[in-house]
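Undergrad: Residue 1 is where the sequence shown starts when you use the working numbering, and the numbers rise one by one after that.
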Amino acid sequence: PGQSLNALIGLTAARNDARLPVASWGAGTRRLAALEIAAIHQGDEPIIVIDELERGLEPYRQRRLVARLATQRSQVFLTTHSASVIDAASDAMLWYLDARGTMGCLTPKTADHRRADPEAYLARLPIVVEGATEVGFATALLRRHVAADLLQEGIVVTDGGGNDTALTLLDALSGAGLAVAGFVDDEGRKPEAWKRVKDRLGTLLFRWDSGCVEENVIPHIEEMDLERFITPPDGAAGARLRTLAVRLGLEAKDFGTVRDKAPDIRRLILEAATGAVPADAAGLSDDDRKAWKKHSRLWFKTVEGGRELEEKVHSFGVWVALEPMLSPFLASVRGFVSGVGITRTS
Numbered sequence: 001p002g003q004s005l006n007a008l009i010g011l012t013a014a015r016n017d018a019r020l021p022v023a024s025w026g027a028g029t030r031r032l033a034a035l036e037i038a039a040i041h042q043g044d045e046p047i048i049v050i051d052e053l054e055r056g057l058e059p060y061r062q063r064r065l066v067a068r069l070a071t072q073r074s075q076v077f078l079t080t081h082s083a084s085v086i087d088a089a090s091d092a093m094l095w096y097l098d099a100r101g102t103m104g105c106l107t108p109k110t111a112d113h114r115r116a117d118p119e120a121y122l123a124r125l126p127i128v129v130e131g132a133t134e135v136g137f138a139t140a141l142l143r144r145h146v147a148a149d150l151l152q153e154g155i156v157v158t159d160g161g162g163n164d165t166a167l168t169l170l171d172a173l174s175g176a177g178l179a180v181a182g183f184v185d186d187e188g189r190k191p192e193a194w195k196r197v198k199d200r201l202g203t204l205l206f207r208w209d210s211g212c213v214e215e216n217v218i219p220h221i222e223e224m225d226l227e228r229f230i231t232p233p234d235g236a237a238g239a240r241l242r243t244l245a246v247r248l249g250l251e252a253k254d255f256g257t258v259r260d261k262a263p264d265i266r267r268l269i270l271e272a273a274t275g276a277v278p279a280d281a282a283g284l285s286d287d288d289r290k291a292w293k294k295h296s297r298l299w300f301k302t303v304e305g306g307r308e309l310e311e312k313v314h315s316f317g318v319w320v321a322l323e324p325m326l327s328p329f330l331a332s333v334r335g336f337v338s339g340v341g342i343t344r345t346s
């Protein structure tokens with residue numbers, strides 16, 4: 001095949017001398033031509049080995065090539081540094097070589113996440129979080145305390161899609177021996193599985209002692225600061241105040257009225273921010289219950305909301321209370337980035 005390709009290149013040069021129109025022989029074109037020539041000479045059940053399939057190929061051509069290889073009667077081994085290739089080969093068996101030189105095979109349990117965020121599988125340290133709030137919160141926290149540009153350090157904060165799915169993903173990645181970290185809530189489920197992951201990751205796994213981010217931040221806000229706390233960066237607190245007023249059955253939605261009518265204003269804010277439907281709201285219709293659950297979208301249940309919450313942790317003095325919990329995790333990530341060491345228990 002190599003000789004045939006050289007002959008083709010020689011023919012191209014001759015055609016150039018003859019001033020005939022020819023295609024450009026860039027790296028990607030040579031790669032595809034070599035594969036075509038090899039295909040002509042291969043047997044009925046070939047083995048194909050390709051190093052760095054993406055070399056010289058645009059993402060759409062990478063996907064086309066992977067799709068074509070997947071339909072052939074052959075066994076294909078390829079290496080890649082391309083998120084497009086990982087995405088296109090989501091049904092393939094994926095072996096991963098991490099920044100420490102550890103090799104592991106990823107189970108099919110990672111397939112959905114590989115399709116959703118293939119770049120995480122090319123990171124030095126993927127950090128699996130459980131939702132949009134945690135993506136925003138953890139990213140802002142790591143930028144403040146670890147590195148201003150996480151991507152340049154090879155750190156990718158990736159959405160695990162919920163507490164249970166984040167657990168499945170962390171279990172699969174850590175079980176393969178790969179470098180991974182986690183930032184999740186404690187929802188009181190599957191303690192044995194969480195312990196197994198914790199034993200593997202040590203302080204590279206952060207879990208709140210109980211509850212979610214909001215439940216660990218809002219109780220530390222001074223009552224005199226609550227009105228400023230609920231005000232988003234654009235200064236328009238009307239939508240959030242409306243969620244509080246609706247829960248109290250009020251027409252007025254100014255903070256003073258809501259505060260005076262609420263039996264526990266901090267608890268009311270927490271319930272609205274998390275979309276909780278309290279047990280004593282038994283008279284709500286199904287439509288009202290659904291509407292109350294959606295209240296959280298107007299608070300911190302977005303990536304932007306997570307970033308806002310992290311900024312307020314520092315601007316409202318909450319960091320003093322949270323630092324003892326978060327410092328071991330941040331130190332472990334810093335240690336990983338600097339190469340000083342990785343804190344693991346097994």
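For every residue, glycine included, the Cβ atom is placed at its ideal position computed from N, Cα and C.
Where Leu141 and Glu310 are concerned, what is the direct C-alpha to C-alpha distance, given to the nearest angstrom?
TA: Each residue's alpha carbon lies about 6 Å from the other.
Undergrad: Quick one, are the C-beta atoms of Thr274 and Glu214 less than 8 Å apart?
TA: Their beta carbons are under 8 Å apart, which means Thr274 touches Glu214 by this criterion.
Undergrad: How many Å lie between Lys261 and Pro233 at the Cα?
TA: Near 26 Å, if we compare the C-alpha coordinates of Pro233 and Lys261.
Undergrad: With distances taken from CA atoms, which of Asn163, Asp185, Trp292 is nearest Asp209?
TA: When only C-alpha atoms are compared, the closest one is Asp185.
Undergrad: Would you identify the three-state DSSP class for Asn16, choosing helix, strand or coil?
TA: In this predicted model, Asn16 has a pLDDT of only 45, less than 50, meaning its place in the structure is not dependable; the value taken from the coordinates is given anyway. Helix.
Undergrad: Taking 8 Å as the cut-off, decide whether the C-beta atoms of Glu134 and Gly306 are in contact.
TA: Result yes, Cβ atoms of Glu134 and Gly306 sit closer than 8 Å.
Undergrad: Please classify Val258: does DSSP put it in a helix, a strand, or coil?
TA: Helix, per DSSP.
Undergrad: Leaving out five residues before and five after Pro219 in sequence, what residues of the same chain have Cβ atoms less than 6 Å from its Cβ?
TA: So no residue of the chain qualifies.
Undergrad: Mapping the DSSP letters down to three states, classify Asp186 as helix, strand or coil.
TA: Strand, per DSSP.
Undergrad: In the DSSP assignment, what residue or residues form a beta bridge with Arg64?
TA: The partner list for Arg64 (beta bridge, DSSP) is empty, contrary to what the question assumes.
Undergrad: By the 10 Å Cβ neighbour count, where 16 or more other Cβ atoms means buried, how is Arg100 classified, buried or exposed?
TA: Answer is exposed; the Cβ neighbour count stays below 16.
Undergrad: Enumerate, from N- to C-terminal direction, the unbroken alpha helix (DSSP H) stretches of 4 or more residues contained entirely within the segment 140-216.
TA: Segments of the alpha helix (DSSP H) lying fully in the segment 140-216: 163-175, 191-201.
Undergrad: Between which residues of its own chain and Lys198 is the CB-CB distance below 7 Å, once the five residues before and five after are set aside?
TA: Answer for Lys198: Leu205, listed in chain order.
Undergrad: Roughly how many angstroms lie between the CA atoms of Val318 and Arg124, to the nearest whole one?
TA: When rounded, the distance between both Cα atoms is 31 Å.
Undergrad: According to the neighbour-count rule (16 or more other Cβ atoms, all chains shown, within 10 Å of its Cβ), is Ile230 buried or exposed?
TA: By the neighbour-count rule (16 or more Cβ atoms within 10 Å), Ile230 is buried.
Undergrad: Does the separation of the CB atoms of Ala176 and Leu106 fall below 8 Å?
TA: Yes, the pair counts as a contact, with Cβ atoms nearer than the cut-off.
Undergrad: Please identify the residue among Thr80, Arg144, Thr168 whose C-alpha is closest to the C-alpha of Pro108.
TA: For Pro108, the nearest C-alpha among the options comes from Thr168.
Undergrad: Is the segment 145-161 in contact with the segment 113-130, if contact means three or more CB pairs nearer than 8 Å?
TA: Judged by Cβ distances under 8 Å, the segment 145-161 makes contact with the segment 113-130, as three or more pairs qualify.
Undergrad: Let me make sure I understand the geometry here. Which of Arg289, Asp91, Gly160, Arg259 has the alpha-carbon closest to that of Met224?
TA: Among Arg289, Asp91, Gly160, Arg259, the Cα nearest to that of Met224 belongs to Arg259.
Undergrad: For Leu69, I'd like the list of residues in its chain whose CB is within less than 6 Å of its CB, leaving aside the five on either flank, ordered along the chain.
TA: Val76.
Undergrad: Under the three-state reduction of DSSP, which class applies to Val320: helix, strand or coil?
TA: Helix, per DSSP.
Undergrad: Under the three-state reduction of DSSP, which class applies to Ile221: helix, strand or coil?
TA: Of the three classes helix, strand and coil, the one that applies to Ile221 here is coil, per DSSP.
Undergrad: From Gly211 to Asp280, what distance separates their C-alpha atoms?
TA: Cα to Cα, the separation comes out at about 20 Å.
Undergrad: The beta strand (DSSP E) spanning Gly275 covers which residue range?
TA: Where Gly275 is concerned, there is no enclosing beta strand (DSSP E), given that its DSSP letter is neither H nor E.
Undergrad: Quick one: what does DSSP say Gly136 is sitting in, helix, strand or coil?
TA: Helix.
Undergrad: Classify Arg114 as buried or exposed, calling it buried when 16 or more other Cβ atoms lie within 10 Å of its own Cβ.
TA: Classification for Arg114: buried.
Undergrad: Please look up how many angstroms separate the CB atoms of Leu270 and Leu244, rounded, as I've assumed it's under 8 Å.
TA: 11 Å between Cβ atoms; not a contact.
Undergrad: Taking its Cβ as the centre, do 16 or more other Cβ atoms sit within 10 Å of Glu58, making it buried, or is it exposed?
TA: Burial call: exposed.
Undergrad: Would you say Glu119 faces chain C, with C-beta separation under 8 Å as the test?
TA: Although the question refers to chain C, the structure presented lacks it and comprises just one protein chain.
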